[in-house]
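*Asks:* This note's numbering numbers the first residue of the sequence shown as 296 and each following residue consecutively. For every residue, glycine included, the Cβ atom is placed at its ideal position computed from N, Cα and C. This is the structure I have questions about; it appears just below.
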Amino acid sequence: MCLNRSDSRLIERNNSALIVIDVQEKLMPLVIRNNETINNILKLIKFCKTLQIPIILTEQYPKGLGKTVREISEELKEIKPIEKTSFSCFGSEEFKNTLKKNRVKTLIIVGIEAHICIAQTALDALDRFKVCVVADAVSSRTVENLNIGLQRMRDNGVIITSTEMLMYELLRDSKSKEFKEVKHLLH
Numbered sequence: 296m297c298l299n300r301s302d303s304r305l306i307e308r309n310n311s312a313l314i315v316i317d318v319q320e321k322l323m324p325l326v327i328r329n330n331e332t333i334n335n336i337l338k339l340i341k342f343c344k345t346l347q348i349p350i351i352l353t354e355q356y357p358k359g360l361g362k363t364v365r366e367i368s369e370e371l372k373e374i375k376p377i378e379k380t381s382f383s384c385f386g387s388e389e390f391k392n393t394l395k396k397n398r399v400k401t402l403i404i405v406g407i408e409a410h411i412c413i414a415q416t417a418l419d420a421l422d423r424f425k426v427c428v429v430a431d432a433v434s435s436r437t438v439e440n441l442n443i444g445l446q447r448m449r450d451n452g453v454i455i456t457s458t459e460m461l462m463y464e465l466l467r468d469s470k471s472k473e474f475k476e477v478k479h480l481l482h
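Shown next as structure tokens:
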């Protein structure tokens, strides 16, 4: 539950951004549910593009951990990854400036690892942003770390949701023009 961050308990598409954190070549093979995680991230990228929600991509120390995995980088060709060494994205001035430039008020966070970079970014953001983490679009190397990361974030006020729940919440109405455009992603 997110208290005192907005008049609505629902996630709004206006002033939101999808934050794709560290979905990298040397990390993805090590995390659990890696194919499901990538597929859900891809759905959300396509969905956010259709709804014109800004997308921000980060890479943790790419010299050591590799670049963003091919499936994601091909879908985000037009976006330059923000390279970082801090686990929280807020350790990067470029990241903070990108949020400011896009007037972001709500972070929709996906990527890896849930108990490290996802958690530190989400917890860092809580004082200034509404924060949502998509549980089936994040992962860690172990189930225990994934669950602990999600629970710690939830306990501190981060909204935990799923890919499908988020998409329907942002759409609001089956009569919207975007609904027809993204219907194929909703299954």
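#1: Can we say the stretch 321-337 touches the stretch 466-477, given the rule of at least three CB pairs closer than 8 Å?
#2: Would you identify the three-state DSSP class for Lys425, choosing helix, strand or coil?
#3: From which residue to which residue does the alpha helix (DSSP H) around Val438 run?
#4: Taking the alpha-carbon positions, what's the Val318 to Lys472 distance?
#5: Residues in the same chain with beta-carbon distance under 7 Å from Ala432, minus the five sequence neighbours each way, listed in chain order, please.
#6: Is DSSP giving Glu373 helix, strand or coil here?
#7: Ile336 lies in the alpha helix (DSSP H); which residues open and close that run?
#8: Between Ile403, Gln415, Ala312, which has its C-alpha nearest Asp451's C-alpha?
#9: In angstroms with no decimal places, state the Cα-to-Cα distance between Gln446 and Ile374.
#10: Thinking Ile306 and Glu464 are a contact (beta carbons under 8 Å), I'd like their distance in whole angstroms, please.
#11: Within its chain, find whatever has a CB closer than 8 Å to the CB of Ser435; leave out the 5 residues flanking it on each side and keep chain order.
#12: Is the beta carbon of Ala430 less than 7 Å from the beta carbon of Ile455?
#13: Quick check: Leu352 and Leu322, are their CB atoms within less than 7 Å of each other?
#14: Do Leu402 and Ile316 come within 7 Å of each other at the CB atom, strictly closer than that value?
#15: On the three-state DSSP scale, how would you describe Glu473?
*Replies:* On the basis of the supplied data:
#1: Using a Cβ-Cβ distance cut-off of 8 Å, the stretch 321-337 and the stretch 466-477 are not in contact, since fewer than three pairs of beta carbons, one from each stretch, lie closer than that value.
#2: Within the sequence shown, the letter at position 130 stands for residue 425. Reduced to three states, the DSSP call for Lys425 is strand.
#3: Here residue 438 corresponds to residue number 143 of the sequence shown, with the count starting at 1. Val438 -> alpha helix (DSSP H) spans 438-450.
#4: Along the sequence shown, one-based indexing puts residue 318 at 23. Along the sequence shown, one-based indexing puts residue 472 at 177. Cα to Cα, the separation comes out at about 31 Å.
#5: Taking the first residue of the sequence shown as position 1, residue 432 is located at position 137. The beta carbon of Ala432 lies closer than 7 Å to those of Thr332, Asn335, Ile336, Leu339, Val405, Thr458 in the same chain, with the five residues before and after it left out.
#6: Mapped onto the sequence shown, residue 373 falls at position 78. Taken through DSSP and simplified to helix, strand or coil, Glu373 comes out as coil.
#7: Residue 336 sits at position 41 when you count from the first residue of the sequence shown. For Ile336, the enclosing alpha helix (DSSP H) has its first and last residue at 329-345.
#8: The residue given as residue 451 occupies position 156 in the sequence shown. First, the amino acid is wrong: residue 451 is Asn here, not Asp. Minimum Cα distance to Asn451 is reached at Gln415.
#9: If you number the sequence shown from 1, residue 446 lands on position 151. If you number the sequence shown from 1, residue 374 lands on position 79. Distance between the alpha carbons of Gln446 and Ile374 is about 31 Å.
#10: Residue 306 sits at position 11 when you count from the first residue of the sequence shown. Residue 464 sits at position 169 when you count from the first residue of the sequence shown. About 5 Å; that satisfies the 8 Å criterion.
#11: Numbered from 1 along the sequence shown, position 140 holds the residue referred to as residue 435. Cβ within range, chain order: Val326, Ile327, Ile407, Glu408, Ala409, His410, Ile411, Leu441, Gly444.
#12: Taking the first residue of the sequence shown as 1, we reach residue 430 at position 135. Taking the first residue of the sequence shown as 1, we reach residue 455 at position 160. For Ala430 and Ile455, yes; Cβs fall inside 7 Å.
#13: If you number the sequence shown from 1, residue 352 lands on position 57. If you number the sequence shown from 1, residue 322 lands on position 27. Taking a C-beta distance under 7 Å as the contact criterion, Leu352 and Leu322 do not qualify as a contact pair.
#14: In the sequence shown, counting from the first residue as 1, residue 316 sits at position 21. In the sequence shown, counting from the first residue as 1, residue 402 sits at position 107. Their beta carbons are not under 7 Å apart, which means Ile316 does not touch Leu402 by this criterion.
#15: Position 178 of the sequence shown, counting from 1, holds the residue named residue 473. Three-state result, Glu473: helix.
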